[in-house]
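The UniProt record's numbering puts the first residue of the sequence shown at 1, with every later residue one more than the last.
Where a beta carbon is used, it is the ideal one built from N, C-alpha and C, also for glycine.
Note that the structure is predicted; figures quoted are calculated from it, not measured.
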Amino acid sequence: MTSQLPDGPAAGAAVSVRDLRKSYGSLEALRGVSFDIERGETFALLGPNGAGKSSTIEILEGYRDRSGGFASVLGVDPHRGGVEWKARLGIVLQSGAEAADVTVREQVAHFARFYPRPRDVDEVISAVGLTDKAKTRIRNLSGGQRRRLDVALGVVGRPELLFLDEPTTGFDPEARHEFWDLIRGLKREGTTILLTTHYLDEAAQLSDRVAVIARGTLVDIGAVDAIGDASARVPIVRWRDSAGRPRSERSETPGAVVARLIAELGTEPRNLEVIRPSLEDIYLELVRETDTAIDPMTSAAESGSAAEGGGRRSSRHSATEGDRA
Ligand SMILES: Nc1ncnc2c1ncn2[C@@H]1O[C@H](COP(=O)(O)OP(=O)(O)OP(=O)(O)O)[C@@H](O)[C@H]1O
């Protein structure tokens, strides 16, 4: 469960958040969230639709004001971060590039000029698999190709901290694997990464640690292979009995269960499998527990919320374009 955190920012942390709160009218989207992200760490923020992930990210990017609590990003209060601070961030928003009339290469080169130490434009285009499309106008790209362009624009400035809000939505499986390789390369270079994703396999592949938020509250935080109750991680042995009925048994020692079954049956059990609960299984259990514990009054308050001006950003902005809500 949630570890004990110091009151102030952790020394050396890239991101520190304490008791972070955000309200939109009467809706409390964030109800006091605290975590640290170490430098060089890949940290995934997981949670169902409306949990507060994008609100958290947008506050940390300096785009949204918080309603309460403390936040520090690369040693700066994101609410006060200036152009130099923004140039140290890479941002891949949830909604992608606009259908512009410029080519992929022109757009990446344009963004590169905002940063003091940009990456090589053609290397970035190649890393996201768009070399064949470098001279194509953005409006002629497919949805997945536009998403790759978003990633290129997010990394061209050689960011110290990269925000990835659902980066692989719309990617085909091959593109997703290529994207994972790209992210692993950035991680090897020491980039700190804050990722939100609904793909639990993506979180398991890329993250050092994950935090699960549900209804604006941090439900759990820890290493990918350590979150959730110990009981949720116990392996399951499944097989079919002699009548073909499905049977299962949870055990910390599944090998012993299999050995016992073989001894009892005198043969290999039918359809035998040993399953270790995946991050997805554990995540679903955590979120279900939160749903069960929810106060019905809260749901009533949520339906009466007021919209904050501007809503979700519809395009990404460069390091020099102030974009506070
Ligand atoms: N501009 C806004 N005005 C009013 N309510 C908002 C606004 N932005 C977000 N909300 C509400 O705040 C809550 C948290 O939204 P947020 O976008 O942070 O969730 P999320 O975890 O990113 O969801 P998703 O996975 O669907 O992207 C939701 O109930 C949402 O409807």
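Query                                                                                                                                              : Result
Check for me: the alpha helix (DSSP H) holding D122 runs from which residue to which?                                                              : V121 to A127
By the three-class DSSP mapping on this structure, what secondary structure does E28 have?                                                         : strand
Please classify E28: is it buried, with 16 or more other beta-carbons within 10 angstroms of its beta-carbon, or exposed?                          : buried
Under a three-way DSSP split, which group does P173 fall into?                                                                                     : helix
Of the choices V155, E289, Q145 and K53, whose alpha-carbon is the least far from that of R88?                                                     : V155
Rounding to the nearest angstrom, what Cα-Cα distance links V237 and T267 in this structure?                                                       : 16 Å
Going straight from the alpha carbon of D291 to that of L200, what length do you get?                                                              : 19 Å
Use the C-beta contact count for E225: other C-beta atoms within 10 angstroms, 16 or more gives buried, fewer gives exposed.                       : The sequence shown places Asp at residue 225, not Glu. Per the 10 Å Cβ criterion, exposed.
Whole angstroms is fine: what's the gap from R215's alpha carbon to N49's?                                                                         : 9 Å
Taking just the CA atoms, how far does L130 sit from R148?                                                                                         : 8 Å
For the region 37-56 and the region 204-222, state whether three or more C-beta atom pairs, one from each stretch, are separated by less than 8 Å. : yes
Run the CB neighbour count on P78, radius 10 Å, all protein chains shown included, and call it buried at 16 or more, exposed below.                : buried
How far does the beta strand (DSSP E) with E249 in it reach, from first residue to last?                                                           : P246 to R250
Only counting the same chain, and skipping five residues up and downstream in sequence, which positions put a Cβ closer than 8 Å to that of D229?  : E285
Three Cβ pairs or more, each shorter than 8 Å: is that satisfied between the region 184-203 and the region 98-117?                                 : no
Let me check understanding here. Comparing Cα to Cα, which of L182, A223, I37 and I221 lies closest to L74?                                        : I37
Ordered along the chain, which non-local residues of its own chain (more than five positions away) have a Cβ less than 7 Å from that of Y283?      : L46, L200 and V212
State yes or no: is the beta carbon of W239 nearer than 8 Å to at least one beta carbon in chain E?                                                : Considering every chain present, this structure includes no chain E. It has just one protein chain.
Could you give the distance in angstroms between the alpha-carbon of A13 and the alpha-carbon of P159?                                             : 16 Å
Is A203 near ligand 1, going by C-beta to nearest heavy atom under 7 Å?                                                                            : no
Opposite T217 in the DSSP bridges: which residues?                                                                                                 : A214
Look up D150 in the DSSP assignment and say whether it is helix, strand or coil.                                                                   : helix
Nearest-angstrom Cα distance between G240 and P254?                                                                                                : With the sequence shown as reference, residue 240 is identified as Arg, and Gly is not the correct amino acid for it. The straight-line gap from Cα to Cα measures roughly 16 Å.
So which of S278, V234 and R245 has the shortest CA-CA distance to L257?                                                                           : Leu is not the amino acid found at residue 257; the sequence shown has Val there. Out of S278, V234 and R245, V234 has the C-alpha closest to the C-alpha of V257.
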